[in-house]
Amino acid sequence: MIAAIVLAAAAAAGPLQSSGTLPLGGQYIVHKDPSAATTAIDLWYRVPSSGYAAATPGVARVAIAALAASAPQNGTSFADLVKRDGGTLSINVYPDIAMIGASVPSWEAPAVLRAMTTAFFSPAITDAGFHAALRDTAIAAAEQQYSADATLQNALFARIFSGGPAHYAAVPATAADVTKITLDAVRSFAARGFRQQNAVLSIAGSADDKLLAGVRTSAGSQGNSQDAPLDSTLSNTPVDAIVNGPVAGLGIAFPGPPIADEKAATAMDFLADYLFDPQYGAINAIVSKKSDVSIGGQFITLHDPGVLVGTLSGSGAPALRPKVLEAVAALTKPMDAKSFEAARNAFLYRILSESQTPAGRADNAGWYAVEGNAQYAPGDESKRYVEIARSLDPSYVASIAAKYLQHPAIVQLLTAPKSGSAT
Amino acid sequence: MKKLAALTACVMLLAAAPADVTYVQQPDASADLAGVQVLLQAGLDRQTSRQNGLASLVAETILRTPVQGTPLEDAVKAAGGSVSFSSEPRRMRFYVESSSQAFPAVLQLLHDALAHPDFTPATLADARTHLNDLIARDQTSALRVGIDMLNRAFYQNSDAGLPRYGLSETLAGFASTDARAFYNEHYRRGDAVVSAAGAIPAGTPPASVVDGLPAGTSAAVAIKQGPLPSTSRQIIARRDVPVPWLVAQYRAPDMSSRDFGAMLILTEFMQRTLSEVSDVPGIATRPAAQRGVGAFYNFDSSPANVILYVDGGLGDPSRAFSTALGVVGVLGQARLGGDLAELKNFAIGRLLEDSQTLEDRSFLAAVYASHHLTGDYRTELVKAINATKPADLQRVASRYLSTPTIALVLPRSQQTQ
Numbered sequence: 138m139i140a141a142i143v144l145a146a147a148a149a150a151g152p153l154q155s156s157g158t159l160p161l162g163g164q165y166i167v168h169k170d171p172s173a174a175t176t177a178i179d180l181w182y183r184v185p186s187s188g189y190a191a192a193t194p195g196v197a198r199v200a201i202a203a204l205a206a207s208a209p210q211n212g213t214s215f216a217d218l219v220k221r222d223g224g225t226l227s228i229n230v231y232p233d234i235a236m237i238g239a240s241v242p243s244w245e246a247p248a249v250l251r252a253m254t255t256a257f258f259s260p261a262i263t264d265a266g267f268h269a270a271l272r273d274t275a276i277a278a279a280e281q282q283y284s285a286d287a288t289l290q291n292a293l294f295a296r297i298f299s300g301g302p303a304h305y306a307a308v309p310a311t312a313a314d315v316t317k318i319t320l321d322a323v324r325s326f327a328a329r330g331f332r333q334q335n336a337v338l339s340i341a342g343s344a345d346d347k348l349l350a351g352v353r354t355s356a357g358s359q360g361n362s363q364d365a366p367l368d369s370t371l372s373n374t375p376v377d378a379i380v381n382g383p384v385a386g387l388g389i390a391f392p393g394p395p396i397a398d399e400k401a402a403t404a405m406d407f408l409a410d411y412l413f414d415p416q417y418g419a420i421n422a423i424v425s426k427k428s429d430v431s432i433g434g435q436f437i438t439l440h441d442p443g444v445l446v447g448t449l450s451g452s453g454a455p456a457l458r459p460k461v462l463e464a465v466a467a468l469t470k471p472m473d474a475k476s477f478e479a480a481r482n483a484f485l486y487r488i489l490s491e492s493q494t495p496a497g498r499a500d501n502a503g504w505y506a507v508e509g510n511a512q513y514a515p516g517d518e519s520k521r522y523v524e525i526a527r528s529l530d531p532s533y534v535a536s537i538a539a540k541y542l543q544h545p546a547i548v549q550l551l552t553a554p555k556s557g558s559a560t
Numbered sequence: 006m007k008k009l010a011a012l013t014a015c016v017m018l019l020a021a022a023p024a025d026v027t028y029v030q031q032p033d034a035s036a037d038l039a040g041v042q043v044l045l046q047a048g049l050d051r052q053t054s055r056q057n058g059l060a061s062l063v064a065e066t067i068l069r070t071p072v073q074g075t076p077l078e079d080a081v082k083a084a085g086g087s088v089s090f091s092s093e094p095r096r097m098r099f100y101v102e103s104s105s106q107a108f109p110a111v112l113q114l115l116h117d118a119l120a121h122p123d124f125t126p127a128t129l130a131d132a133r134t135h136l137n138d139l140i141a142r143d144q145t146s147a148l149r150v151g152i153d154m155l156n157r158a159f160y161q162n163s164d165a166g167l168p169r170y171g172l173s174e175t176l177a178g179f180a181s182t183d184a185r186a187f188y189n190e191h192y193r194r195g196d197a198v199v200s201a202a203g204a205i206p207a208g209t210p211p212a213s214v215v216d217g218l219p220a221g222t223s224a225a226v227a228i229k230q231g232p233l234p235s236t237s238r239q240i241i242a243r244r245d246v247p248v249p250w251l252v253a254q255y256r257a258p259d260m261s262s263r264d265f266g267a268m269l270i271l272t273e274f275m276q277r278t279l280s281e282v283s284d285v286p287g288i289a290t291r292p293a294a295q296r297g298v299g300a301f302y303n304f305d306s307s308p309a310n311v312i313l314y315v316d317g318g319l320g321d322p323s324r325a326f327s328t329a330l331g332v333v334g335v336l337g338q339a340r341l342g343g344d345l346a347e348l349k350n351f352a353i354g355r356l357l358e359d360s361q362t363l364e365d366r367s368f369l370a371a372v373y374a375s376h377h378l379t380g381d382y383r384t385e386l387v388k389a390i391n392a393t394k395p396a397d398l399q400r401v402a403s404r405y406l407s408t409p410t411i412a413l414v415l416p417r418s419q420q421t422q
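Here the protein sequences line up with chains Y and H, keeping their order.
Heads up, the first sequence is in the numbering used here, so the first residue is 138 and it goes up one at a time.
Heads up, the second sequence is in the numbering used here, so the first residue is 6 and it goes up one at a time.
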């Protein structure tokens with residue numbers, strides 16, 4: 138037995154979740170976790186990853202990294218501040234949104250929030266910060282070439298969307314492409330996109346009521362409200378393509394419902410999990426244990442439309458195409474009640490697992506808010522997502538599969554030196 | 006200096022635990038999930054060398070034991086949770102996690118399988134097949150191969166350093182009677198530690214998960230093994246790995262030592278130094294799985310040890326390692342001027358960052374509780390780090406970090422110099 142009784146967790150004072158508008162515009166969401174020792178602080182923006190004229194692939198990635206790496210005169214860059222105290226800095230850029238996140242010990246949160254909002258609400262990019270960001274993005278581009286998952290998703294999105302931000306990869310295809318991005322283009326992009334009014338500030342973990350007072354405000358020069366969601370245009374052309382890459386793979390995608398259609402979007406989440414969970418998914422069951430194929434997939438909940446993407450990477454992946462399509466087609470028939478209940482329970486557990494840390498919860502809340510439906514976030518205190526997931530039944534899920542999973546977009550990734558072609 | 010008052014102490018002892026079970030709980034009102042660690046004294050040190058793999062075979066059999074007609078692992082998954090085991094030198098660790106709603110049912114499933122494992126030949130064969138897959142997977146992980154090699158030489162008073170899943174050859178020889186005998190001897194409630202975290206529903210006492218086990222305690226199998234039959238502290242193996250890896254191990258102070266805080270700082274310092282020397286530079290923090298270098302402190306083990314590793318995919322691993330050793334050597338020779346605030350802040354930050362999941366939180370609380378300390382690991386870790394002085398750092402670097410044992414894991418085709 139333990140000899141000593143230690144302090145019990147302090148009961149949370151007041152509500153655990155709050156949200157609202159920052160003084161000069163922009164949203165905030167705070168999820169308090171009184172038992173956490175860390176605080177996760179994210180800033181999310183609606184920005185097109187290839188620039189407002191779609192002419193500068195990678196500009197959002199370079200801009201957000203440059204702001205993080207730019208040190209004020211006689212000061213410390215935001216990135217160095219976070220890392221100096223053992224924190225974790227995250228940068229994620231998607232076709233239509235971008236985020237910078239920091240997870241730090243709770244006592245550092247006020248200083249980190251001040252530094253983050255200073256750096257991002259009054260964008261000032263130094264030469265050194267710009268060059269550090271170019272180098273960082275070039276490394277990301279080089280690494281992406283060796284990721285079958287990223288290559289397949291980029292190839293699928295480029296084909297199923299004929300226009301809009303999702304047509305372009307968030308990280309340029311090669312390091313050489315990154316060097317074409319100019320400092321002027323980055324500064325101009327940052328000034329337009331990284332305005333306080335266009336931001337969603339998502340905080341989770343240890344946080345007191347005074348924390349938000351540390352937000353540095355800036356009126357900004359262009360626009361005084363949040364930009365509209367950046368939707369992309371679906372192509373009407375069937376997609377069945379072969380591309381070359383350093384590793385073999387198979388990618389499959391289905392455009393789905395918008396984030397506003399919550400029940401259908403949740404059903405698509407369930408279907409993606411049921412098919413592509415790397416350990417327990419239906420696709421995993423058809424892959425030989427001795428093969429080198431690894432599996433990934435998800436329904437990407439975008440504003441409109443979302444996209445279900447599944448990827449198989451490894452030399453044996455292209456040959457699995459018929460079996461994968463067969464597994465997808467089987468979902469249009471309702472599952473038996475017992476199997477469905479087990480699959481739904483497993484799905485809900487995995488969804489809830491994703492937001493068990495402060496960083497996971499801030500990420501989750503920020504994504505759904507910036508895509509236009511904050512209350513639908515699985516970690517939201519309204520529990521709307523969880524209730525919808527629990528309400529799913531075999532017939533409804535089969536009807537969603539029948540509606541959205543009929544016309545797959547397919548990309549095969551081959552290592553043989555063939556020229557790229559689309560059929 | 007850290008503001009200790011800002012750190013929430015969050016572990017408490019519940020009176021509801023059986024009298025002979027060590028139990029700690031970290032309630033979390035904001036969590037959606039609940040998780041429970043069950044630490045049993047049934048790990049690798051309970052095996053003789055002829056029993057290599059038996060501890061894992063018993064644990065794997067428990068995961069495959071039918072409960073209410075379905076193997077435990079599948080039943081937990083179908084209820085909305087997960088269950089796993091970790092075969093460790095000094096203990097067997099089960100972890101079960103689920104949504105708060107499913108938690109009572111999931112806990113009962115683990116309870117039933119622990120109390121009534123199915124050692125029939127069919128279930129045993131199923132478990133053996135799965136373990137053989139895990140053994141094959143471990144052989145393709147250079148870090149795992151290196152750690153296994155080092156552990157074999159490190160633990161000299163028991164077989165705690167045997168491969169965690171055994172060998173296919175030894176597994177093939179175990180019958181139901183062997184598994185049953187191991188279970189009967191070592192699955193005891195009296196030395197169990199149960200640690201829960203998260204949204205634990207009222208009326209579900211997690212410590213009850215072990216009340217189906219018999220009372221009493223288990224004892225380690227004592228053996229006497231000599232040191233390596235060589236003056237060289239370098240072990241070499243060849244495996245099907247694409248690039249060479251260097252893995253080094255140092256003996257380290259345990260948690261009750263006055264050197265503990267200094268070693269926590271030094272481990273994080275070595276991790277950072279290795280990253281700066283040889284990892285891919287970047288503005289954002291790389292996830293642990295993407296890092297080519299690392300350092301971790303197994304302070305929960307006995308004896309404690311520190312592991313460093315360098316992935317040769319980033320260049321010659323011995324160069325990065327030599328640089329890190331050189332920096333540590335300097336620390337051991339000369340006292341740092343001023344205070345250690347920056348190093349301490351960094352070490353505390355990394356420790357907190359790396360212990361956020363319910364599984365990590367419940368594990369650390371269990372480790373502290375099992376060492377008869379309070380389960381409030383956060384306060385204890387921060388206190389140990391903050392108490393460290395420059396002289397401590399110099400002493401600990403000099404005492405522990407001068408003579409590593411090194412494992413080189415080379416691609417099969419590569420020759421040693």
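All residues carry an ideal CB built from backbone N, CA and C; glycine is no exception.
- Look at the beta carbons and you see the region 462-482 of chain Y touching the region 66-85 of chain H: at least three pairs across the two are nearer than 8 Å.
- Under the criterion of beta carbons closer than 8 Å, Y/Ala-341 and Y/Arg-498 qualify as touching, at roughly 4 Å.
- Assignment of H/Pro-416 by DSSP, reduced to helix, strand and coil, places it in the strand class.
- Beta bridge pairing from DSSP links H/Val-199 with H/Tyr-28, H/Val-43.
- For H/Tyr-314, the three-state secondary structure derived from DSSP is strand.
- Proximity of Y/Asn-482 to chain H, defined by a Cβ-Cβ separation below 9 Å, is satisfied.
- About 17 Å separates the CB atoms of H/Phe-187 and H/Val-43; that is not less than 8 Å, and the two are not in contact.
- Interface annotation, H/Glu-65: not in contact with chain Y, CB-CB separation never under 9 Å.
- Taking all protein chains shown into account, Y/His-440 has 16 or more neighbouring C-beta atoms within 10 Å of its C-beta and is therefore buried.
- Judged by DSSP secondary structure, Y/Glu-463 falls within the alpha helix (DSSP H) whose first and last residues are 458-467.
- If you draw a straight line from the Cα of H/Trp-250 to the Cα of Y/Ile-276, it comes to about 23 Å.
- Within chain H, the residues whose beta carbon sits less than 7 Å from that of Y/Pro-242 are Ile-353, Gly-354, Leu-357, listed in sequence order.
- Closer than 8 Å at the C-beta level to chain H, one finds these residues of the region 408-437 of chain Y: Tyr-417, Lys-426.
- Contact with chain H is absent for Y/Ser-519, since none of that chain's Cβ atoms lies less than 9 Å from the residue's Cβ.
- Relative to Y/Phe-326, the option among Y/Ala-270, Y/Asp-345, Y/Val-199 whose CA is nearest is Y/Val-199.
- Counting along the chain, H/Asp-164 sits inside no alpha helix (DSSP H), nor does DSSP assign it H or E at all.
- Counting the other Cβ atoms within 10 Å of the Cβ of Y/Lys-220 gives 16 or more, which makes it buried.
- The criterion of a C-beta distance shorter than 9 Å is satisfied by H/Ser-375 and H/Thr-27.
- It is roughly 11 Å from the alpha-carbon of H/Thr-393 to the alpha-carbon of H/Arg-400.
- With the criterion set as a beta carbon lying under 8 Å from some beta carbon of chain Y, the members of the region 274-292 of chain H are Val-285, Pro-286, Gly-287, Ile-288, Ala-289, Thr-290, in sequence order.
- Three or more Cβ pairs closer than 8 Å define a contact, and the region 352-371 of chain H meets that threshold against the region 199-207 of chain H.
- A direct Cα-Cα distance of roughly 27 Å separates Y/Leu-457 from Y/Pro-442.
- Exclusion of the five residues before and after Y/Val-241 leaves Thr-175, Thr-176, Val-219, Asp-222, Gly-224, Val-249 as the residues of its chain whose Cβ lies within less than 7 Å of its Cβ.
- H/Ile-67 sits away from H/Pro-126, with the two beta carbons spaced by 9 Å or more.
- Of the residues assessed, Y/Ile-318 falls on the buried side of the cut-off, its CB having 16 or more other CB atoms within 10 angstroms.
- Residues of the region 462-476 of chain Y with a C-beta less than 7 Å from any C-beta of chain H: none at all.
- Using a Cβ-Cβ distance cut-off of 8 Å, the region 204-217 of chain Y and the region 344-361 of chain H are not in contact, since fewer than three pairs of beta carbons, one from each stretch, lie closer than that value.
- Annotated three-state conformation of H/Glu-364 is helix, per DSSP.
- DSSP, read as helix, strand or coil, puts Y/His-440 in coil.
- As the crow flies, the alpha-carbon of Y/Ser-536 is around 15 Å from that of Y/Pro-392.
- C-alpha of H/Val-215 to C-alpha of H/His-116: approximately 6 Å in a straight line.
- Taking CB atoms only, Y/Leu-445 has no neighbour in chain H less than 9 Å away.
- Three or more Cβ pairs closer than 8 Å define a contact, and the region 209-224 of chain H falls short of that threshold against the region 265-273 of chain H.
- For the options H/Arg-291, H/Ser-262, H/Arg-256, H/Val-101, the alpha carbon positioned closest to that of H/Leu-313 is the one of H/Arg-256.
- Contact annotation: the region 101-117 of chain H does not touch the region 274-287 of chain H, with fewer than three C-beta pairs closer than 8 Å.
- Beta-bridge analysis with DSSP links Y/His-168 to Y/Gln-154, Y/Ala-341.
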